[in-house]
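Trainee: Dumping the structure here so I can ask a few things about it.
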Amino acid sequence: MPAQGGGRPLPPLTRRLPRPRLTGLGGGLFACAAMMLAGGICWLLFDSSLFVYGLLFVPVAAATALWVRPADLITAPITAPIAFAAGVWPVSGGSGGLGGQLMGLVSALSLHAGWLYAGTLAAALIAVVRKAVLIGRRRLPRRTA
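Sequence positions in the sequence shown follow our numbering and run 1127 to 1271.
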């Protein structure tokens, strides 16, 4: 294994995981775009299945919380519900004019709130754990000195 930066070789798992660092706005845009894509895929391939949409939402929320910069960790649980609402429109099943589409959207959000809570909870837990690890790393040198 080649060494990076003149140090020791990296473990195989570390080399394979993507390490993007998104800003708070970038994380929100990533989550919204990914959920809009997921909503379109569910509409085209899975006959507007909100179950499949919810299954796709949880990993997107988790990925957003993993990829956001440490300074913007608080934005991950905030952008998750916004992304869920942004992407649910194609699979919401509304009919008629604007009022029918809006009613379908509200119904989908209320009937499938469990997926919304699960993804938001996953993002919040990941953000809290990442923040705790960062605080622990910051305090470690002070204790040894």
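By construction, the Cβ of each residue, glycine as well, lies at the ideal position given by its N, Cα and C atoms.
In angstroms with no decimal places, state the Cα-to-Cα distance between Leu1251 and Gly1226.
Mentor: Cα to Cα, Leu1251 sits roughly 36 Å from Gly1226.
Trainee: Straight-line CA distance for Phe1172 to Thr1201?
Mentor: Roughly 31 Å between the two C-alpha positions.
Trainee: Between Gly1213 and Met1162, which are expected to be in contact by the criterion C-beta below 8 Å, what is the C-beta distance as a whole number of angstroms?
Mentor: Right, the Cβ-Cβ distance comes to about 5 Å (below 8 Å), so this counts as a contact.
Trainee: With three or more beta-carbon pairs closer than 8 Å as the criterion, would you say the segment 1182-1191 touches the segment 1244-1264?
Mentor: Cβ pair count under 8 Å is three or more, so yes.
Trainee: According to DSSP, is Val1254 part of a helix, a strand, or is it coil?
Mentor: Reduced to three states, the DSSP call for Val1254 is helix.
Trainee: Assign Val1217 to buried or exposed, taking buried as 16 or more other Cβ atoms, counted over all protein chains shown, within 10 Å of its Cβ.
Mentor: When all chains shown are included, Val1217 counts as buried.
Trainee: Run through DSSP, which three-state label would Val1194 get?
Mentor: Strand, per DSSP.
Trainee: At which residue ranges does the segment 1216-1255 contain complete alpha helix (DSSP H) runs of 4 or more residues, listed in the order of the chain?
Mentor: Whole alpha helix (DSSP H) segments, 4+ residues: 1224-1237.
Trainee: Among Phe1177, Ser1174, Ala1189, which one has its Cα closest to the Cα of Phe1156?
Mentor: The shortest C-alpha separation from Phe1156 is found at Ala1189.
Trainee: Could you say which of Lys1257, Arg1147, Ala1249 lies nearest to Trp1193 if we only look at CA atoms?
Mentor: Comparing Cα positions, the closest option is Arg1147.
Trainee: Identify the continuous alpha helix (DSSP H) that holds Leu1163 and give its terminal residues.
Mentor: Leu1163 -> alpha helix (DSSP H) spans 1150-1171.
Trainee: Pick helix, strand or coil for Pro1207, following the three-state DSSP scheme.
Mentor: Of the three classes helix, strand and coil, the one that applies to Pro1207 here is helix, per DSSP.
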